[in-house]
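For reference, the structure discussed in these notes is given below.
Numbering (the working numbering), first residue to last: 435 to 887.
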C-alpha cells in the first residue's frame, strides 16, 4: 500500500446509507454523506456504493449520484481508484478537525432565526391581550393593534388586515393577486422560501436584478415587458443582500410603475429591528401597494404577528383569499402584539437586540474580509458572502459541522455569481469563535487569507 493511502474497509451498507439521505438531489446527497463522514459514522477507508447501485436504491438517475460524488471529491472527502472503487478519505489537511469548532452544529447559520435570548418576555403582553375587549363583529384587525402600528407605517394605508407571520402574509398577498400561470416580478437575489412558494403555486417568476441601492429601475422596466400582475420586493434589511432601498431608488421605481396597474407587495420581514425606517412605494402609489410587515423576528413566532396595510382593493383580495383557510387571527394575540409595540420596556429590549445583531454582523463581516472575502455589512440577519465555488464550500463546511445557505437558491436561474448565505442572528458575541468561523469559511472556499499575504 502506497504511503499515505488508507486501508480499504468493507463497503457501507446500501440500505443503511439510503435511509440516511433525505433530500435526493445531488447537493442533498452530498450534504448527507459529508455529514456522515463528519460525524464518524462513515470512516476513512470505507468503500461507498457504486453510482448505479445507489441511484437504483434512491430511485434517482445515475447522473445525480455522479454529481454528488463529484462534489464530495472536489471537497477532498472521497477518492476513486480503479481497484478500490470510491472510498472515504481522511479529512482535508487544510481544515482543522471539527472538535476545534464546538457547538456550531447547534447554531443556526442557515435560516436567519432570531436569538431566543434577545426576544422580549411575553407574560405582560399576553395578560394585556386576555383583558382585551371581544366585540361580536370579527374585524380582521383589532382596534388596539391598528392604533399601535399606524404611527410607524410609512404611508397612509387605506385598509388593514393581519396574517399569521410574515411568510404567510406575503404568500397570501401573492396568491390573492396571481393565479397559476400568471407572472410575478421579484427582486433578485431574494429569499429562497419566496421562490419556492411561487413555483409551488405555479406562478411564473421574472427577476428584477438588484444593486446596493435596491431593485434597479431599468431591470424593473425590462421585467414589465412580461406583463407581471405584481412586483414583490423587500424595502429594508433585504434577505440576502442586507440593503435598505433608498428614497431616491423608490422614486425611480415609482416612476416606472406609475404607467402600469401592477400590484406592489412590500415584504418587511425585519420589522422594528431594522436600522432604518426605510422608504415605501406606498408614498407614491398608495392605490397599488400592499406593505406586509412581520413582527415575528422582533417578538418571536408565538404571537404569529404580521400586519398588512395599504391599498383597500389589495387588502380586500387578501381577506377574501384568507376566508378559505384561517379566516381571522386571535384577538388576544393581536392585542398582545399591540402591547409590545407600545410598551417602553419592550422598546428598550428591541433597541438592545438591534445593537447586538448589528454587532454580530459587523464582527463576522470584518473577520471574513480579513480572510480575503469581500463582504458588505448591511442590515438583517444574513451576510451575503461571495465564494469561488459554492458547492465545494457548502459540502466542505457541512463535513465539518457547519451548515450555511446556498446562494444559488436565491436566484430564479443560474445567472448569479457563486455565494453562500451566513445567518448571523445566533452568533456568539465573543469575537474569538466568530473569527474561527470566518477562517473556516475562507478555507472551505479555498480563499487565501489577507493576514498571511
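Cβ atoms here follow ideal geometry from the backbone N, Cα and C, with glycine treated the same way.
Please read these numbers as outputs of a predicted model, since none were measured by experiment.
task: Check the DSSP bridge columns for residue 667 and list the partner residues they point to.
output: 700
query: Do the region 796-813 and the region 637-644 make contact, defined as three or more Cβ pairs closer than 8 Å?
result: no
Cβ-based burial, residue 477 [other Cβ within 10 Å; buried from 16]: exposed
Under the three-state DSSP convention, the category residue 853 falls into: strand
task: Put residue 725 into one of helix, strand or coil per three-state DSSP.
output: strand
- prompt: So residue 692 packs on residue 719, CB below 8 Å; how close in whole Å?
  reply: 6 Å
message: DSSP has residue 481 in a bridge; who is on the other side?
response: 445 and 521
query: Cα separation between residue 509 and residue 830?
result: 5 Å
query: What separation, rounded to the nearest whole angstrom, lies between the Cα atoms of residue 503 and residue 511?
result: 9 Å
task: Compute the distance between the beta-carbons of residue 813 and residue 631, then report whether it is under 9 Å.
output: no
- prompt: Would the beta-carbon of residue 599 fall within 9 Å of that of residue 495?
  reply: no
query: Short check: CB of residue 788 to CB of residue 707, under 9 Å?
result: yes
field: Residues of its chain near residue 671, where Cβ-Cβ distance is below 6 Å and the 5 sequence neighbours each way are ignored
entry: 704, 708, 813 and 814
query: Does the Cβ of residue 645 have 16 or more other Cβ atoms within 10 Å, making it buried, or fewer, making it exposed?
result: exposed
query: Once you ignore the five residues that flank residue 534 on each side, which residues in its own chain have a CB closer than 8 Å to its CB?
result: Residue placement at residue 534 cannot be trusted, given a pLDDT of 43 that sits under 50; the coordinates are not used to answer.
- request: Counting only runs of 3+ residues fully inside the region 549-608, write out the beta strand (DSSP E) ranges in chain order.
  value: 593-598
- prompt: How would you call residue 834, buried or exposed, if buried means at least 16 neighbouring beta carbons within 10 angstroms?
  reply: buried
- prompt: beta strand (DSSP E) containing residue 512: first to last residue?
  reply: 512-515
task: Hey, could you find the ends of the beta strand (DSSP E) residue 643 is sitting in?
output: 638-645
- request: Check whether the Cβ atoms of residue 620 and residue 665 lie closer than 9 Å to each other.
  value: yes
query: According to the Cβ coordinates, are residue 488 and residue 451 closer than 9 Å?
result: yes
field: Classification of residue 421 by the beta-carbon crowding that lies within 10 angstroms, buried from 16 upward
entry: Limits of the chain in this structure are 435 at one end and 887 at the other, which puts residue 421 out of reach.
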